[in-house]
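Novice:
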């Protein structure tokens, strides 16, 4: 369905969550939000590992969840897979609460 990610067990619209994740990436990674497109690569946004850590920390604080830097997050090479991995993890953690 449009606006939904592949997250299992997540049946509501992810548009707002994805937008919030993009906003955190923009602010913490000091990237123009217009450059945060699905086909952009992490490298093209010039995000370093320290930027990713700052983004994860900000998302953990914003959503009151723990986001481990492993699995699909570690494998993410483009913005689409990064955002999907973050949204998946946030949803899983929210489900535990």
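Residue numbers (our numbering): 1490 to 1586. Virtual Cβ for every residue (Gly too), placed ideally from N, Cα, C.
1) Take the Cβ of residue 1491 as the centre, count every other Cβ of all protein chains shown within 10 Å, and call the residue buried at 16 or more, exposed below.
2) Jot down the residue ranges of each uninterrupted alpha helix (DSSP H) in the segment 1513-1560, minimum 4 residues, whole runs only, in chain order.
3) Rounded to a whole number of angstroms, what is the C-alpha to C-alpha distance between residue 1517 and residue 1549?
4) Count the other C-beta atoms from every protein chain shown that fall within 10 angstroms of the C-beta of residue 1498, then say buried if there are 16 or more, exposed otherwise.
5) Alpha carbon to alpha carbon, what distance is there between residue 1586 and residue 1536?
6) Tell me residue 1567's beta-bridge partners as DSSP assigns them.
Specialist: Let me spell this out:
1) Because the pLDDT at residue 1491 is just 42, under 50, the model does not fix this residue reliably, and the value given afterwards should be weighed accordingly. An exposed status is given to residue 1491, since fewer than 16 other beta-carbon atoms sit within 10 Å of its beta-carbon.
2) With a minimum length of 4 residues, the continuous alpha helix (DSSP H) runs that stay inside the segment 1513-1560 are 1538-1552.
3) Those two C-alpha atoms are separated by around 13 Å.
4) Here the model assigns residue 1498 a pLDDT of 38, short of 50, so the residue's position is not dependable and the matter cannot be decided.
5) Inter-residue distance for residue 1536 and residue 1586 is about 31 Å (C-alpha atoms, whole angstroms).
6) According to DSSP, which records beta bridges pairwise, residue 1567 is partnered with 1530.
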